[in-house]
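Per the working numbering: the sequence shown ends with 207, consecutive numbering throughout. Note sheet for the following structure.
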Amino acid sequence: MRPSGALLVGLVKLIVGAYPRWIGCQPCARQRIYFANHSSHIDTVALWAALPLELRDVTHPVAARDYWGHGLRRYIATKALRAVLIDRAREDKSSNPLAPLIETLARGDSLILFPEGTRGSEALPGPFKSGLYHLAQQFPEVELVPVHLENLHRSLPKGAFVPIPITCTVRFGAPLRLEPAEAKEPFLARARGAVIALSGLHA
Numbered sequence: 005m006r007p008s009g010a011l012l013v014g015l016v017k018l019i020v021g022a023y024p025r026w027i028g029c030q031p032c033a034r035q036r037i038y039f040a041n042h043s044s045h046i047d048t049v050a051l052w053a054a055l056p057l058e059l060r061d062v063t064h065p066v067a068a069r070d071y072w073g074h075g076l077r078r079y080i081a082t083k084a085l086r087a088v089l090i091d092r093a094r095e096d097k098s099s100n101p102l103a104p105l106i107e108t109l110a111r112g113d114s115l116i117l118f119p120e121g122t123r124g125s126e127a128l129p130g131p132f133k134s135g136l137y138h139l140a141q142q143f144p145e146v147e148l149v150p151v152h153l154e155n156l157h158r159s160l161p162k163g164a165f166v167p168i169p170i171t172c173t174v175r176f177g178a179p180l181r182l183e184p185a186e187a188k189e190p191f192l193a194r195a196r197g198a199v200i201a202l203s204g205l206h207a
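Here it is in structure tokens:
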């Protein structure tokens, strides 16, 4: 891991802990897509920091180019986190916004994905967008691991700029797979339900 990445991990663990709890699986080198609820800009770093060192080197957070693509944020995303930047605005309408993710999975690395697409302010995650479904279709051998990030909406809520020190737990659930002939909407509802189940809340 690069020195900038190690510094970032140390800082995040100091502020929020990012304590991992492997409930439905264990850390391993198998290729995975970790998908989680999204309520704070610190979500990306906290989930990545919760992974063991050897997994961080092959796991790339997916980040929005419009937020993480400029200045210091771009340095953090590309140099420290080695994130995959995607174009949410789709300035080029003919391009496939999933192309950078597909390229990353095709070379055997793992991803961290927030299927809501943008940060929410509610206790429960919002509806999942279709990207996770399309990736599951194209890469059926990749494990889909639900993750729930606890308390980060309180550490760095929407609109805040400085994180508040607070204990955050990162819960990893049992891997999912897209079932044969499973339609998009039922799959996305099932994936969202797996994240909610880890929170202990009810939809």
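Idealized CB from N, CA, C, for every residue including glycine. Fair warning: this is a prediction, and the values are worked out from it, not measured in the lab.
Would you mind reading off the limits of the beta strand (DSSP E) that contains residue i?
i	result
residue 118	From DSSP, residue 118 is part of no beta strand (DSSP E); its letter is neither H nor E.
residue 88	88-90
Would DSSP call residue i helix, strand or coil?
i	result
residue 175	strand
residue 24	strand
residue 68	strand
residue 39	strand
residue 146	coil
residue 182	coil
residue 152	strand
For residue i, report the span of its alpha helix (DSSP H) as first-last.
i	result
residue 106	103-110
residue 199	188-203
residue 57	57-60
residue 48	47-54
residue 34	Note, residue 34: premise wrong, no alpha helix (DSSP H); not H, not E.
Going by beta carbon distance, what residues of the same chain come within less than 7 angstroms of residue i, once the five residues before and after it are set aside?
i	result
residue 51	38, 40, 116, 151, 153, 174
residue 112	35
residue 73	89
Might you give, ordered along the chain, the residues of its own chain that have their beta carbon closer than 8 angstroms to the beta carbon of residue i, omitting 5 neighbours on each side?
i	result
residue 138	102
To which residues of the same chain is residue i closer than 6 angstroms at the C-beta, ignoring the five residues directly before and after it?
i	result
residue 121	133
- prompt: With a cut-off of 8 angstroms, do at least 3 Cβ pairs link the region 77-91 to the region 49-64?
  reply: Under the 8 angstroms Cβ criterion, the region 77-91 counts as touching the region 49-64, having at least three qualifying pairs.
task: State whether the region 7-22 contacts the region 41-50, with contact taken as three or more CB pairs (one from each stretch) at a distance under 8 angstroms.
output: Touching, per the Cβ criterion.
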